[in-house]
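Asker: Each residue of the sequence shown is one higher than the last, beginning at 3 in my numbering.
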Amino acid sequence: MPSLAAARAANAAFAPSYLPVAVFVGGTSGIGRACAEAFARYTRGNAHIVLVGRNEAAAHAILASFPAPSAPGAAHEFLHADAFLVRNVQAAADALRARLPRLHFLVLSTGLGMSLRGRDETAEGVDRRIGLAYYTRAKWVADLLPLLERAAAAGEDARVMSVLAAGKGGAIDVDDLAFRKGYASYKVGLASPTYTDLLFEHLSKEHPSVAFVHAHPGLVRTPLINFDHWAFGPINMLTGALAKNPEDCAEWMLYALFQSKHGFSRRSESGDDIGPQGRYGSAERQQVVKHTQQELAIALSKVIGPV
Ligand SMILES: NC(=O)c1ccc[n+]([C@@H]2O[C@H](COP(=O)([O-])OP(=O)(O)OC[C@H]3O[C@@H](n4cnc5c(N)ncnc54)[C@H](OP(=O)(O)O)[C@@H]3O)[C@@H](O)[C@H]2O)c1
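#1: Keeping to the same chain, check which residues put their C-beta closer than 8 angstroms to that of Gly-127; ignore five residues upstream and five downstream.
#2: Measuring alpha carbon to alpha carbon, tell me which residue in Glu-249, Gly-75, Val-88 is nearest Gln-295.
#3: What ranges does the beta strand (DSSP E) occupy inside the segment 187-260, keeping only unbroken runs of at least 3 residues that lie completely in it?
#4: Would you tell me roughly how many angstroms separate the C-alpha atoms of Thr-112 and Val-165, rounded to the nearest one?
#5: Within 8 angstroms: the Cβ of Thr-196 and any heavy atom of ligand 1?
#6: Anyone know if the C-beta pair for Thr-241 and Leu-256 falls short of 9 angstroms?
#7: What does a CB cutoff of less than 8 angstroms around Ala-83 pick up in its chain, not counting 5 residues either side in sequence?
#8: Is any heavy atom in ligand 1 found nearer than 8 angstroms to the beta carbon of Ile-227?
#9: Taking 9 angstroms as the threshold (C-beta atoms), are Gly-169 and Ala-193 in contact?
#10: Run through the segment 148-191 for me and flag every whole beta strand (DSSP E) of 3 or more residues, listed as ranges in chain order.
#11: Are three or more beta carbon pairs between the segment 13-22 and the segment 144-159 nearer than 8 angstroms?
#12: Examine ligand 1 and report whether any of its heavy atoms sits within less than 8 angstroms of the Cβ of Ser-31.
#13: Jot down the residue ranges of each uninterrupted alpha helix (DSSP H) in the segment 272-307, minimum 4 residues, whole runs only, in chain order.
#14: By DSSP, does Leu-108 sit in helix, in strand, or in coil?
#15: Ignoring anything shorter than 4 residues or poking outside the segment 65-91, list the alpha helix (DSSP H) runs there in chain order.
#16: Once DSSP output is grouped into helix, strand and coil, what is the label at Gly-34?
#17: So, under 8 angstroms CB-CB, Leu-105 and Leu-146 are touching, yes? Tell me the CB distance rounded to an integer number of Å.
#18: So what does Leu-53 bridge to, in DSSP terms?
#19: Measuring from the CB of Asn-238, is there a heavy atom of ligand 1 at a distance below 8 angstroms?
#20: Measure the alpha-carbon distance for Thr-45 versus Ala-63 and round it to whole angstroms.
#21: For the beta strand (DSSP E) holding Arg-269, just list the boundary residues, first then last.
#22: Is the separation between the beta-carbon of His-216 and that of Asp-199 shorter than 9 angstroms?
#23: Quick check on this structure: which residue in His-209, Arg-130, Ile-174, Tyr-188 has the alpha carbon closest to the alpha carbon of Arg-152?
#24: Check for me: the alpha helix (DSSP H) holding Leu-21 runs from which residue to which?
#25: Take Ile-276 and list the residues in its own chain whose beta-carbon comes closer than 6 angstroms to its own, dropping the five residues that flank it on each side.
#26: Excluding the five sequence neighbours on either side, which residues of its own chain have a C-beta within less than 7 angstroms of the C-beta of Ala-70, listed in chain order?
#27: Just verifying my parser: in three-state terms, what is the DSSP assignment at Glu-39?
#28: Beta-carbon separation of Ala-85 and Leu-150 under 9 angstroms?
#29: Does the beta carbon of Val-165 fall short of 8 angstroms from some heavy atom of ligand 1?
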């Protein structure tokens, strides 16, 4: 387990021979923000960094804090995308594919705060919680893989990291993968890491030159760990006191990203490769992959009003 100092030292050694292009979906807050800031610091601003989210003011404040770049081609920008809708992810990924020559790092950390609410569907029929944790992340990966493949073909890094809950997944119900028969947010919380493992395992076999990382950040002091109900005030205070700060978490998450060269790996909150321990079986992999493709296609086929 690397200490924080060891993770920092390893990250500081990141010195690519090319101008790195990194997209942080969920880079406007919390862990994604801290990862983007650390990435900007370690590259001395000499990178093309795209923050994706909805909060434009937060994004511009973060971008303004990055070191000013000196390398040709370096740029720091915000791309607005409401990732609740699969079609918005598709449009944003189209825009990225149109203007980025290649992509080296894709970091996904979209999430919703804790809540006791039940199923909460978008106009596309996708539950918002599992949508942000899993389905729309799967869409970002599928649509941006051509750019990652292009980086890999040039002999450069090509890595995807989903910051979710590696090693914390539970059993899944193959008869109700979309939670339409029985919904509970704890079930979604246990299934989405398992879905991520199975999808990334599948993708790593289909795209062997791209690294797929599923990371668990541990408890981190971000807006996400606050229950949105007054009755949870004491719990919110306790979790806030126990949590690590996003900046320290980002060092371990970047360590996980930089140290994962190929294939699929799962990383702990301190960046360690946790191996196959506790990993759900692969028998369901094809079912989850097929289900994911179907859910995304169904979402896109829904006719909805202007968004
Ligand atoms: N914090 C923890 O203790 C903890 C523990 C375990 C796992 N995790 C996981 O780590 C990940 C990151 O969590 P965090 O603590 O960094 O959360 P956070 O601070 O609340 O950040 C969530 C991010 O998701 C983005 N987002 C939310 N809804 C969106 C939407 N509809 N469209 C586009 N972007 C959206 C937000 O951007 P905008 O507001 O700009 O849209 C924000 O950048 C989550 O998957 C979470 O489950 C966190």
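C-beta atoms are modelled at their ideal positions from N, C-alpha and C, and glycine is treated no differently.
Answerer: Walking through what the data contain:
#1: These residues qualify, in order along the chain: Ile-300, Ala-301, Lys-304.
#2: Val-88
#3: The segment 187-260 contains these whole beta strand (DSSP E) runs: 213-217.
#4: 8 angstroms
#5: no
#6: no
#7: Val-27, Val-54, Gly-55, Arg-56, Asn-90, Val-91, Ala-93, Ala-94
#8: yes
#9: Cβ distance not < 9 angstroms, so Ala-193 and Gly-169 don't count as in contact.
#10: 161-165
#11: yes
#12: yes
#13: 287-303
#14: strand
#15: none
#16: helix
#17: Contact annotation, Leu-105 with Leu-146: C-beta distance approximately 6 angstroms; criterion of less than 8 angstroms satisfied.
#18: Phe-26, Phe-80
#19: no
#20: Thr-45 and Ala-63 have their C-alpha atoms roughly 19 angstroms apart.
#21: First-last of the beta strand (DSSP E) with Arg-269: 265-269.
#22: Yes.
#23: His-209
#24: From DSSP, Leu-21 is part of no alpha helix (DSSP H); its letter is neither H nor E.
#25: Gly-169, Arg-268, Ser-270
#26: Gly-47
#27: helix
#28: It is not a contact, given that the beta carbons lie outside the stated cut-off.
#29: yes
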